[in-house]
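Residue numbers (the numbering used here): 242 to 360. No residue lacks a Cβ here, since even glycine has one placed at the ideal position from N, Cα and C. Remember, it's a predicted structure, so these values are computed and weren't measured experimentally. Following: one structure in structure tokens, then a few remarks.
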């Protein structure tokens with residue numbers, strides 16, 4: 242779980258320092274999700290923001306999709322929306338991620354950025 246709100250500065254290379262507590266939560270192992278030192282990130286479905294998280298975040302969406310019968314139109318649409326738009330953003334040695342240019346343009350991200358925790 243990500244808690245608190247942090248104001249951070251994104252640099253000209255679109256790098257953003259992820260707060261230590263967020264990194265720790267993202268790195269927590271989760272059953273059925275391969276270990277990954279970074280964040281899974283995509284454009285939120287119902288808000289004008291990015292949605293990011295670790296293994297538990299990825300598993301939550303995967304499990305919702307898996308509740309639908311294979312080959313159902315709803316499941317197929319959700320799989321396309323979720324998996325096709327997902328980005329794996331690795332932490333560098335300083336704990337930063339580099340946001341994809343396309344997502345920065347889509348949401349007008351540059352300079353000051355707010356990282357808000359959620360469940």
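Straight across, the Cα-Cα distance linking residue 294 with residue 359 is about 10 Å. With a threshold of 16 other beta carbon atoms within 10 Å, residue 329 falls short and is exposed.
Looking from the CA of residue 275, the closest CA among 343, 260, 303 and 287 belongs to 303. Here residue 271 is not near residue 288, since their CB atoms are 8 Å or more apart. Runs of the alpha helix (DSSP H) lying entirely within the region 252-294, each at least 4 residues long, are 261-268 in chain order.
Between residue 338 and residue 323, the CB-CB gap reaches or exceeds 8 Å. Judged by their CB atoms, residue 278 and residue 332 are nearer to each other than the 8 Å cut-off. Contact annotation, residue 335 with residue 258: C-beta distance approximately 7 Å; criterion of less than 8 Å satisfied. Judged by DSSP in its simplified three-state form, residue 353 adopts strand.
Distances from the CA of residue 341 to each of 249, 284 and 353 were compared; the closest alpha carbon is that of 284.
Take the alpha-carbon of residue 311 and the one of residue 318: they are about 11 Å apart. For the 8 Å CB-CB criterion, residue 246 and residue 355 form a contact.
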